[in-house]
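Chains as they are written, first to last, in my numbering: chain A, 1 to 114; chain B, 1 to 112.
Dropping the structure here:
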């Protein structure tokens, strides 16, 4: 158990809908990262927050947004969903701001868009 | 443009032998490299890392070698155990872009 929790575990929704994925980081960690893993793809970095502020941005679509709240949990919002958004979404946390810090990953949320 | 490449999608090794997983990169600005291991239905877990100022880092059965001139790193697992069967991801960090660039992973199967 990495100490990072993600909810929900599975999500099935229709095209055009909007969903919110939630992540609680490990106790004491200030950084939260979001990743997308599609079938046969590696981990695509989406976005990082450190202590409530956006720190780094990756290949995140404009239809996607995220935020980190004062209690350090984070939410990833996916809107106008398309079939291609079906993927595993991982959240990770680390103690420091740098991406080279060991990242602790949650179990992931599997999103299926039908 | 895949800046971090793991050219072998899969590898099969006999228990007790050495597993060698390779990773090539193109960006000379990468200053830190990490290996993560991923079991099915779980998130990746950190395995071992190496700074660009070193050429070797060892942790138990796991050793990572870095050849900067060739822009190549490798992960050696000796001896391999069936519990090592997982997908291994290589990731690289460049301080100026503040993020990790991940390879596509190599699926290792260690056969009893």
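Just so you know, even glycine gets a beta-carbon here, dropped at the ideal spot from N, CA and C.
Below the 7 angstroms Cβ cutoff, chain A contributes 100 as neighbours of residue 32 of chain B, in chain order.
In this structure residue 63 of chain A is exposed. Its beta-carbon is surrounded by fewer than 16 other beta-carbon atoms within 10 angstroms. The region 79-91 of chain A and the region 104-111 of chain A touch, with no fewer than 3 CB-CB distances between them shorter than 8 angstroms. Apart from the 5 residues on each side of it in sequence, residue 33 of chain B sits with its Cβ closer than 6 angstroms to the Cβ of 50, 73 and 92 in its chain, given in chain order.
Using a Cβ-Cβ cut-off of 7 angstroms, residue 56 of chain A is close to 98 and 99 of chain B, given in chain order. DSSP, read as helix, strand or coil, puts residue 75 of chain B in strand. With fewer than three CB-CB distances shorter than 8 angstroms, the region 43-60 of chain A does not count as touching the region 4-16 of chain B. Contact check between the region 37-46 of chain A and the region 96-111 of chain B: three or more CB pairs, one atom from each, fall below 8 angstroms, which counts as touching. Here DSSP, grouped into helix, strand and coil, assigns residue 24 of chain B to strand. Put simply, of B/110, B/8, B/106 and B/28 the residue whose alpha carbon is nearest the alpha carbon of residue 66 of chain B is B/28. Shown here, residue 30 of chain A sits in coil according to DSSP, grouped into three states, outside any helix or strand. For residue 64 of chain B, the uninterrupted beta strand (DSSP E) segment begins and ends at 62-67.
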